[in-house]
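The sequence shown begins at 2 in my numbering and counts up one residue at a time.
Everything on this sheet refers to the single structure shown next.
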Amino acid sequence: MKRVLNFIDGEFRPPCSGRYIPDVDPATGQVIAEIAESGPADVDAAVAAASRAFESWRKTPAEERSRLLLRVAELIEENFDELARLESEDNGKPIALSRRMDVPRAVLNFRFFATAILHAETRAHMTDDRALNYTLRAPLGVAGLISPWNLPLYLLTWKIAPAVAAGNCCVAKPSELTPLTADRLAALTVEAGIPPGVINIVHGPGASAGRALTSHPKVPLISFTGGTKTGADVMACAGPLFKKVSLELGGKNPNIVFADADLEQAVATSIQSSFSNQGEICLCGSRLFVERAIYDEFLARFVDATKKLRIGDPQDSSTDVGALVSEPHLRKVEGYVELAKEEGGAILAGGNRPADLPQRVRGGYFLEPTVITGLDCARRVMQEEIFGPVVTVTPFDSPDEAIAYANGTRYGLSASVWTRDLQNAHRVAAALDSGTVWVNTWLLRDLRVPFGGMKESGVGREGGFDSLQFFTEAKNVCIKL
Ligand code: NAD
Numbered sequence: 002m003k004r005v006l007n008f009i010d011g012e013f014r015p016p017c018s019g020r021y022i023p024d025v026d027p028a029t030g031q032v033i034a035e036i037a038e039s040g041p042a043d044v045d046a047a048v049a050a051a052s053r054a055f056e057s058w059r060k061t062p063a064e065e066r067s068r069l070l071l072r073v074a075e076l077i078e079e080n081f082d083e084l085a086r087l088e089s090e091d092n093g094k095p096i097a098l099s100r101r102m103d104v105p106r107a108v109l110n111f112r113f114f115a116t117a118i119l120h121a122e123t124r125a126h127m128t129d130d131r132a133l134n135y136t137l138r139a140p141l142g143v144a145g146l147i148s149p150w151n152l153p154l155y156l157l158t159w160k161i162a163p164a165v166a167a168g169n170c171c172v173a174k175p176s177e178l179t180p181l182t183a184d185r186l187a188a189l190t191v192e193a194g195i196p197p198g199v200i201n202i203v204h205g206p207g208a209s210a211g212r213a214l215t216s217h218p219k220v221p222l223i224s225f226t227g228g229t230k231t232g233a234d235v236m237a238c239a240g241p242l243f244k245k246v247s248l249e250l251g252g253k254n255p256n257i258v259f260a261d262a263d264l265e266q267a268v269a270t271s272i273q274s275s276f277s278n279q280g281e282i283c284l285c286g287s288r289l290f291v292e293r294a295i296y297d298e299f300l301a302r303f304v305d306a307t308k309k310l311r312i313g314d315p316q317d318s319s320t321d322v323g324a325l326v327s328e329p330h331l332r333k334v335e336g337y338v339e340l341a342k343e344e345g346g347a348i349l350a351g352g353n354r355p356a357d358l359p360q361r362v363r364g365g366y367f368l369e370p371t372v373i374t375g376l377d378c379a380r381r382v383m384q385e386e387i388f389g390p391v392v393t394v395t396p397f398d399s400p401d402e403a404i405a406y407a408n409g410t411r412y413g414l415s416a417s418v419w420t421r422d423l424q425n426a427h428r429v430a431a432a433l434d435s436g437t438v439w440v441n442t443w444l445l446r447d448l449r450v451p452f453g454g455m456k457e458s459g460v461g462r463e464g465g466f467d468s469l470q471f472f473t474e475a476k477n478v479c480i481k482l
């Protein structure tokens, strides 16, 4: 059986504990690999290797760092099919999605930041004729990078690429549920010629390996993507050590459809935003609000399109909806469907485990895409992040009511608005408590824009120069004239 080892100082090493945890293919329920069960001693070794490597990496010219990272991008492309398959096996996502989204984005993350550092600028301020101030930006040292299971390679590289491009070394801790593409990436960084210790990857549970990183005194910076509850623990560990912290957390994103929207587009994209990756994307629109004048028609079309989605073997390229990431997660999501019934909701589509799956995946963790109506916005199903193929649909009567519903949760990650009225679009976008607002689209990403959440969806912004600022520290130099 494949053993996923830690990647420290340019080599693969077994965990100090000598213990391994199983890695399960969620489509079959079968164990496909064993993962290093790491803890503080492994993190210590990785941080020491990263600290050593930092001394020369920080001095490596940007052009050389850029060249090496562009080579990593090329190697990801050269290994495209294998990475897409590994991602799908590990996470349960349709292979078509890992080919369309996960792997191309990993390539882009490296290309984007490898070239961004060639365009970085710093500022100067003249203080009348008395002084010249200029700003130096320098990497901090060892970056601790913690990522979740839903977009494993996509989000891991979204952290590694800017951290290392900016001149830091890193210790990354991928999700213990989806370690396979991180493991493959580690080997590709060797092939690309990234010096030992610049990129280290430690596997294992969040409570041991993750926490050892967030509470490590020699890791001055933490970039974390994951659940809001975990984010609070990361903050609690990092706070007393005054680490620089960026948190990308959960969401309960509204998707608002006005009566003047292009209905066909709104339905088609809302199907994507509700059920892509089995609803396991932090940016999925899990609360649909539809203006009453078109509510019945929208709902009929939306339910019809939901029922047409093909649930099946993630390795089959025609599959739209694959398996949820794990059995406990499936049970959690099913629990919310039951709760919706108790709270008075009506299930218009889905709600069950699919009956007629192909033989190979009958032991997998599948749930039909589920549409719920009739719930009050204060209900738990409409307040808590479910993170599965479950969406609620609610009518509204005015823009103000839609805004109040949309803003009525503790989250504020992203939102979509569907309208052909430009003034309405601007007004609603400005009023939403949300780090990103998409108008007449969803998940259209330009890597230069600030990305992050409001309220309990996160702290800080990454993306473009915001990422490079996060991964460097500013220093003011003031020269008397
Ligand atoms: P999670 O919080 O359980 O785990 C995320 C990572 O943190 C994993 O690597 C895990 O091992 C680690 N971890 C767990 N406990 C830890 C601790 N105490 N200290 C340090 N590390 C710890 O999240 P998940 O279940 O893997 O991912 C799903 C969540 O991630 C959802 O809430 C989703 O909305 C969120 N998410 C947010 C974004 C975003 O950009 N805002 C993107 C993707 C996912």
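Just so you know, even glycine gets a beta-carbon here, dropped at the ideal spot from N, CA and C.
Quick caveat, the model's predicted, so the values are computed rather than measured.
Host beta strand (DSSP E) of C171 (start-end): C170 to K174
Alpha carbon of D261 to alpha carbon of E292, nearest angstrom: 9 Å
Segment contact flag, the region 84–95 with the region 193–210, C-beta cutoff 8 Å, min 3 pairs: no
Any non-hydrogen atom of the ligand NAD closer than 7 Å to F388 Cβ: yes
Residue range of the beta strand (DSSP E) that includes K342: Where K342 is concerned, there is no enclosing beta strand (DSSP E), although the alpha helix (DSSP H) it sits in stretches over E328 to E343.
P396 versus A341 - alpha carbon distance: 17 Å
K309 - DSSP class collapsed to helix/strand/coil: helix
Alpha-carbon spacing of V362 relative to A51, whole angstroms: 41 Å
One or two residues paired with W439 in a DSSP bridge: S417
Close-in-space but distant-in-sequence residues of the same chain around V450 (CB under 6 Å, 5 per side omitted): G464
D434 to R381 span [Cα, whole Å]: 20 Å
Opening and closing residue of the beta strand (DSSP E) in which C479 lies: T473 to K481
Reference V31, options Y366, R68 and G232, closest by Cα: A quick correction: the sequence has Gln, not Val, at residue 31. Taking only the C-alpha atoms, the option nearest Q31 is Y366.
Beta bridge counterpart(s) of M127 as assigned by DSSP: L133
Entirely enclosed beta strand (DSSP E) segments - the region 183–267, minimum 3 residues: 200–202, 222–226, 245–249 and 254–258
Residues that DSSP places opposite R14 in a beta bridge: N7
CA-to-CA distance, V304 to A350, given in whole angstroms: 6 Å
Local conformation of Y366 per DSSP, three classes: coil
Cβ contact (3+ pairs, closer than 8 Å) linking the region 123–133 and the region 73–85: no
Distance, T371 Cα to N92 Cα: 20 Å
Backbone secondary structure at M102 - three-state DSSP: helix
Any non-hydrogen atom of the ligand NAD within 7 Å of T231 CB: yes
According to DSSP, residues forming a beta bridge with K456: Y412
Beta-carbon proximity check, L70 vs V165, cutoff 8 Å: yes
Proximity of T226 and S148 at Cβ, strictly below 8 Å: yes
Cβ-heavy atom distance, R212 to the ligand NAD, below 7 Å: yes
Simplified DSSP assignment, three categories, for L178: coil
Start and end residues, beta strand (DSSP E) containing L146: V143 to I147
Same chain only: Cβ atoms within 6 Å of F114, ignoring 5 sequence neighbours per side: A162, P163 and A166
Cβ-based burial, S468 [other Cβ within 10 Å; buried from 16]: buried
Cβ-based burial, S399 [other Cβ within 10 Å; buried from 16]: exposed
Exposure of N477, with buried meaning 16 or more beta-carbon neighbours within 10 Å: exposed
Identified DSSP bridge partners for A139: E474
Beta-carbon spacing of S209, G40 below 8 Å: yes
Residues of its chain near R20, where Cβ-Cβ distance is below 7 Å and the 5 sequence neighbours each way are ignored: E38
Same chain only: Cβ atoms within 7 Å of S319, ignoring 5 sequence neighbours per side: R311
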